[in-house]
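Letter by letter, the sequence shown follows residues 1 to 364 of the UniProt record's numbering. Virtual Cβ for every residue (Gly too), placed ideally from N, Cα, C.
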Amino acid sequence: MSHLGNEALFLISLQTISIPFYCSDEDRAFLVELRRLQSVAIRTAYANALAADGKPRKEKDLRHQVKARVVGYGVLDSWAVQCATRVGMAKRKLRSDGKLIFGSRAALERRRKGLISCEQWRRKRLHPFVSYGDRQKTRGNQNIHLIDETTILVKIGRKEGGGRSGKTVTRTALFHLPRMTGNRGAIMRQLVEICSRTVEKDRINVSYAIGDTHISVTFDPQDLPDHPQRRRPVRPFAGRSLGIDLNPNWIGIAVAENVGDPSRMSETSLLEHALVKLDLPADASPELVRETLAAVADRAIDVARKHRCGTIVLEKGLGKLRSSGKNRSLNRLLNYWARTIFFPDADPPSAACRDPRYGGVGWI
């Protein structure tokens, strides 16, 4: 996550920090029961996320089905069921064939061979207890409240007796965290201050996932006024720009400077360039693709900050010209001309960067 001033290139994503916890035996037993029933709800939502015609079901309809499956056990409240429904739908998007094995295939094989007990297999199938952020509620969440930087409260409220007039029964559990130092400590202190605000518009969404030993806290880093990992803004130099060239297997990055006439290539100089190879298999997972692109984006940000670029230029028209379909022959023809006529070099992108005839920026 980086800032370049007004012309910033942001890598916007949620951030998660993981913190160990300890609690009493009674509260841990309550957590295990919450995880067991929410895991059932997640598996139910995953199995029923698609309608008979293969289209995704509406969240509301799926939630009613999940609620009917677990409501009789009397532990989860409506928000916990809602979160389980969302988790199940998200997992079905990642594994749409409905063959996801909760607990991992390796553990299932070990159970079949008798290498682990039935109780061990059940524990492996437990999903962390999840509560998505809800800033409408106090402290930015409905089920889990960050009381201070060392205390988290789990609060489950259910109506008993039926109807709106039923009595609300609340169960709570306290989880104690170590006092963190460094970046995690600074983040936790800011989250505590923001989540404790009384006005809803001043609060933020904070999501939690509680597993066997750690609590994961997820938030939007842009919501923190003084994020410890946020870089200080830099003052851009006039006439400097960063160019990003996107290709199927390569991403090119170049910094050019022109303090004179932008239309004259002779007055443009190349300050730095880099070629990043996307060495990804055809069946690469979404996680691997995200990690790779995040690394490329981080490198582009570092180069832009190093040279204080005020403008970032990204290639457009990626959806108009592909290497397949009716544009395949045209695309190959353009690539052939670029390789053999304009830049007769074994490495065309780098040749374009080095060739002084084109000011070193012919490929941006």
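**Asked** In terms of residues, what are the limits of the beta strand (DSSP E) holding residue 296?
**Response** Residue 296 -> not in any beta strand (DSSP E); alpha helix (DSSP H) instead, spanning 286 to 307.
**Request:** Measure the C-alpha to C-alpha separation of residue 20 and residue 215 and round it to an integer number of angstroms.
**Result:** Spanning the two alpha carbons is a distance of roughly 6 Å.
**Message:** Please list the terminal residues of the continuous alpha helix (DSSP H) segment that includes residue 38.
**Reply:** Judged by DSSP secondary structure, residue 38 falls within the alpha helix (DSSP H) whose first and last residues are 25 to 47.
**Asked** What are the start and end residues of the beta strand (DSSP E) that includes residue 16?
**Response** Run containing residue 16: 15 to 20, per the beta strand (DSSP E) assignment.
**Item:** residue 119: first and last residue of the uninterrupted alpha helix (DSSP H) it sits in
**Value:** 118 to 124 is the span of the alpha helix (DSSP H), which, as asked, contains residue 119.
**Asked** Which parts of the stretch 157 to 192 are runs of the beta strand (DSSP E), unbroken and 3 residues or longer, counting only runs that do not cross its ends?
**Response** Listed in chain order, the complete beta strand (DSSP E) runs (minimum 3 residues) inside the stretch 157 to 192 are 167 to 176.
**Request:** Please determine, among 136, 103, 140 and 231, the residue with the shortest C-alpha to C-alpha distance to residue 124.
**Result:** Out of 136, 103, 140 and 231, 103 has the C-alpha closest to the C-alpha of residue 124.
**Item:** Paired residues, beta bridge with residue 250 - DSSP
**Value:** The beta-bridge partner set that DSSP reports for residue 250 consists of 277.
**Three-state secondary structure assigned by DSSP to residue 240** = Reduced to three states, the DSSP call for residue 240 is strand.
**Boundaries of the beta strand (DSSP E) in which residue 148 is found, first to last residue** = Annotation: the continuous beta strand (DSSP E) that includes residue 148 extends over 144 to 148.
**Prompt:** In whole angstroms, what separates the C-alpha of residue 49 from that of residue 156?
**Reply:** Straight-line spacing of the CA atoms in residue 49 and residue 156 works out to 25 Å.
**Asked** Cα-Cα, which of 246, 232 and 258 is closest to residue 306?
**Response** Nearest of 246, 232 and 258 to residue 306, Cα basis: 232.
**Item:** Exposed unless 16 or more other CB atoms sit within 10 angstroms - verdict on residue 149
**Value:** Buried: at least 16 other Cβ atoms inside 10 Å.
**Request:** Please name the residue in 210, 90 and 122 whose C-alpha comes closest to that of residue 17.
**Result:** Minimum Cα-Cα distance from residue 17 among the listed residues 210, 90 and 122 corresponds to 210.
**Asked** Where do the N-terminal and C-terminal ends of the alpha helix (DSSP H) with residue 106 fall, by residue?
**Response** Looking at the DSSP string, the run of the alpha helix (DSSP H) that includes residue 106 is 105 to 112.
**Message:** Which of the three DSSP states is assigned to residue 343 in this structure?
**Reply:** Because residue 343 carries a pLDDT of 48, less than 50, the predicted location of this residue cannot be relied on, and the following value inherits that uncertainty. Three-state DSSP puts residue 343 in coil, outside helix and strand.
**Message:** If I measure Cβ to Cβ from residue 69 and keep anything under 8 Å in the same chain, skipping five residues before and after, which residues do I get?
**Reply:** Counting only Cβ-Cβ distances below 8 Å, and skipping sequence neighbours, we find 40, 41 and 44.
**Request:** Can you grab the Cα-Cα spacing for the pair residue 140 / residue 206, in whole Å?
**Result:** Whole-angstrom Cα-Cα distance: 6 Å.
**Prompt:** Can the beta-carbon of residue 239 be found less than 7 Å from the beta-carbon of residue 255?
**Reply:** Not in contact: residue 239 and residue 255 (Cβ atoms no closer than 7 Å).
**Asked** Given residue 227, which residues of its chain have a CB within under 6 Å of its CB, disregarding the five upstream and five downstream residues?
**Response** Taking C-beta separations shorter than 6 Å and ignoring five residues to either side along the sequence, the partners of residue 227 in its chain run 221, following chain order.
**Prompt:** Which residue's Cα is closest to the Cα of residue 266: 243, 143, 257 and 73?
**Reply:** Taking residue 266 as reference, the option from 243, 143, 257 and 73 with the minimal CA-CA separation is 257.
**Message:** What does the alpha-carbon distance come out to for the pair residue 153 and residue 113?
**Reply:** The alpha-carbon atoms of residue 153 and residue 113 are separated by roughly 40 Å.
**Asked** So what does DSSP say about residue 74, is it helix, strand or coil?
**Response** Annotated three-state conformation of residue 74 is coil, per DSSP.
**Prompt:** Quick one, are the C-beta atoms of residue 132 and residue 92 less than 7 Å apart?
**Reply:** Taking 7 Å as the cut-off, the beta carbon of residue 132 is found no closer than this to the beta carbon of residue 92.
**Request:** Could you tell me the boundaries of the beta strand (DSSP E) in which residue 209 lies?
**Result:** Annotation for residue 209: the continuous beta strand (DSSP E) segment containing it runs 207 to 210.
**Request:** With a threshold of 6 Å, establish whether the CB of residue 55 neighbours any heavy atom of the ligand PLP.
**Result:** Among the components modelled here there is no ligand, and therefore nothing to report on the ligand PLP.
**Those residues which DSSP pairs with residue 153 across a bridge** = Residue pairing for residue 153: DSSP places it in a beta bridge opposite 145 and 174.
**Request:** Look at the Cβ atom of residue 251, then the Cβ atom of residue 289, and state whether they are nearer than 7 Å.
**Result:** Not closer than 7 Å, so no.
**Neighbour-count burial assignment, residue 37, 16 or more Cβ in a 10 Å radius** = So residue 37 ends up on the buried side.
**Item:** Assigned secondary structure, residue 259 (DSSP; H/G/I helix, E/B strand, else coil)
**Value:** Shown here, residue 259 sits in coil according to DSSP, grouped into three states, outside any helix or strand.
**Message:** Quick check on the burial criterion: 16 or more other C-beta atoms within 10 angstroms. Buried or exposed for residue 118?
**Reply:** With fewer than 16 other beta carbons inside 10 angstroms of its own, residue 118 counts as exposed.
**Asked** Do you know offhand how far residue 15's Cα is from residue 218's?
**Response** When rounded, the separation of the alpha-carbon atoms in residue 15 and residue 218 is 6 Å.
**Prompt:** Would a C-beta distance cut-off of 7 Å place residue 278 and residue 249 closer than the cut-off?
**Reply:** Yes, these two residues count as a Cβ contact at 7 Å.
**Prompt:** Relative to the alpha-carbon of residue 127, which residue among 208, 311 and 301 has its alpha-carbon at the smallest distance?
**Reply:** If we check each option's Cα against that of residue 127, 208 comes out closest.
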